[in-house]
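Here's the structure, in structure tokens; my notes come after.
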Amino acid sequence: MSASTDTPSPLQPPDIVRRNLQFSFDDVERHWFAGDCHRTRLFDALSLFFPEGERFFIESVKHYRPRLPARGLLSAQVDDFIAQEAYHSREHRRYKAWLESQGIDTQRLDAATAQRLDQLRDTTRPSQRLAITICLEHFTAILADQVLRNDRLLAGAHPQMRRLWRWHALEETEHKAVAFDVYEAALGRHWRSWLLRCVSMLSVTMYFCGFAWLHLIHFVRRDGQSSKLRGWLGLLRYMFVTPGPFLRVLPAWLAWFKPGFHPWQHDNQALIEQARREDGLATV
Ligand SMILES: [Fe+2]
Ligand SMILES: [Fe+2]
0 MSASTDTPSP LQPPDIVRRN LQFSFDDVER HWFAGDCHRT RLFDALSLFF
50 PEGERFFIES VKHYRPRLPA RGLLSAQVDD FIAQEAYHSR EHRRYKAWLE
100 SQGIDTQRLD AATAQRLDQL RDTTRPSQRL AITICLEHFT AILADQVLRN
150 DRLLAGAHPQ MRRLWRWHAL EETEHKAVAF DVYEAALGRH WRSWLLRCVS
200 MLSVTMYFCG FAWLHLIHFV RRDGQSSKLR GWLGLLRYMF VTPGPFLRVL
250 PAWLAWFKPG FHPWQHDNQA LIEQARREDG LATV
């Protein structure tokens, strides 16, 4: 690994701020998103990935930490990335405990995610695990962009839940290129590293979407609303039409496959500034 790979970002990256926030779910109603079961459970289902998932991201990036120039910018960014992800993982673990208290068997779903990640730990090389990590980081970053960009995405949500998701979205945006920069520093920027991240993105997308739907169906069934067609149609409309975040991320998802792609080629630093200002998240 060469020192020249220390700052490959095409623009000055933003500060990665460590915010040790803690959230209480005591006053949050079960269907916290405008009383809409299906919409609430979509976010709940996504949340369940984070405790195990972010632990996996931290391990994957940490593996390469000793190989980075000790006093370089990227080393410092890796430390901030790890701190942010550790706080996210901790808060989503509390979120999970709250879901458990609602009678949802999160342990079984969580165990399935953990089992899949353990399989990856046993059967893949560190470079492949880092490739999986950067794909999932891109996934979270493009959804985070939607959360920060489009106010309608969380309109009607309980204020505490809105704050939690916007906090997470802000920090995912701040550190969106860190794992990617470690990947390019470790593997280089050539056709083999490009191919690995492209193939990884296809399989990661398939698994992530599959698992997310399984979680969602489980949650909605537990609420006794799995046969409510109107609820499912409303959710599909929310996801793909208005505000439609899962359709709107498509160009950013496709951009991943361009040779020479870098997360900061999509410059959304203005959204970071806006969220820091409007959500009172400049520093903590
Ligand atoms: Fe995170
Ligand atoms: Fe992240």
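Heads up, the sequence shown is in numbering that gives the first Met the number 0, so the first residue is 0 and it goes up one at a time.
The C-beta atom is built at its ideal place from N, Cα and C for all residues, glycine as well.
Helix, strand or coil for residue i? Go by DSSP, reduced to three states.
i	result
residue 156	strand
residue 46	helix
residue 304	No statement about residue 304 is possible, as the shown extent of the chain runs from 0 to 283 and does not include it.
residue 32	strand
residue 178	helix
residue 268	helix
residue 190	helix
residue 15	coil
residue 146	helix
residue 97	helix
residue 139	helix
residue 222	coil
residue 202	helix
residue 126	helix
residue 233	helix
residue 2	Note that residue 2 scores a pLDDT of 35, beneath 50, so its modelled location is shaky and nothing firm can be said.
residue 245	helix
residue 254	helix
residue 239	helix
residue 282	coil
residue 261	coil
residue 273	helix
Tell me the rounded alpha-carbon separation between residue i and residue j.
i	j	result
residue 237	residue 71	43 Å
residue 256	residue 10	20 Å
residue 280	residue 271	10 Å
residue 176	residue 262	5 Å
residue 67	residue 183	11 Å
residue 159	residue 150	15 Å
residue 61	residue 223	42 Å
residue 194	residue 259	12 Å
residue 29	residue 220	14 Å
residue 192	residue 202	16 Å
residue 213	residue 228	17 Å
residue 38	residue 69	45 Å
residue 46	residue 269	26 Å
residue 139	residue 167	10 Å
residue 7	residue 25	Annotation note: pLDDT 48 at residue 7 (below 50); position unreliable, no value reported.
residue 91	residue 143	16 Å
residue 230	residue 156	17 Å
residue 287	residue 154	With the chain running from 0 to 283 in the structure shown, residue 287 is simply not present.
residue 136	residue 55	11 Å
residue 112	residue 196	21 Å
residue 148	residue 14	19 Å
residue 239	residue 40	16 Å
How should residue i be labelled, buried or exposed, when 16 other C-beta atoms within 10 angstroms of its C-beta is the threshold for buried?
i	result
residue 209	exposed
residue 105	buried
residue 161	buried
residue 52	buried
residue 205	exposed
residue 97	buried
residue 232	exposed
residue 33	exposed
residue 199	buried
residue 180	buried
residue 84	buried
residue 110	exposed
Check each candidate in the options and name the one with the smallest Cα separation from residue i.
i	options	result
residue 31	101, 187, 258	101
residue 59	13, 125, 48, 19	125
residue 23	80, 55, 73, 89	89
residue 20	226, 145, 165, 147	165
residue 170	65, 36, 267, 44	267
residue 108	248, 254, 250, 216	216
residue 82	174, 250, 135	174
residue 146	274, 73, 16	274
residue 243	117, 188, 152	152
residue 93	56, 17, 43	43
residue 99	218, 73, 190	218
residue 290	226, 79, 130	What the structure shows of the chain is the stretch from 0 to 283, and residue 290 is not part of that stretch, so it cannot be assessed.
residue 116	75, 50, 141, 87	50
residue 245	265, 264, 276, 211	211
Taking 6 Å as the cut-off, is the CB of residue i close to at least one heavy atom of ligand 4?
i	result
residue 171	Here the bound small molecules are ligand 1 and ligand 2; ligand 4 is not part of this structure.
Point to revise | Sequence ranges, alpha helix (DSSP H) only - wholly within the region 48–119, length at least 4 | key: Listed in chain order, the complete alpha helix (DSSP H) runs (minimum 4 residues) inside the region 48–119 are 49–61, 72–100.
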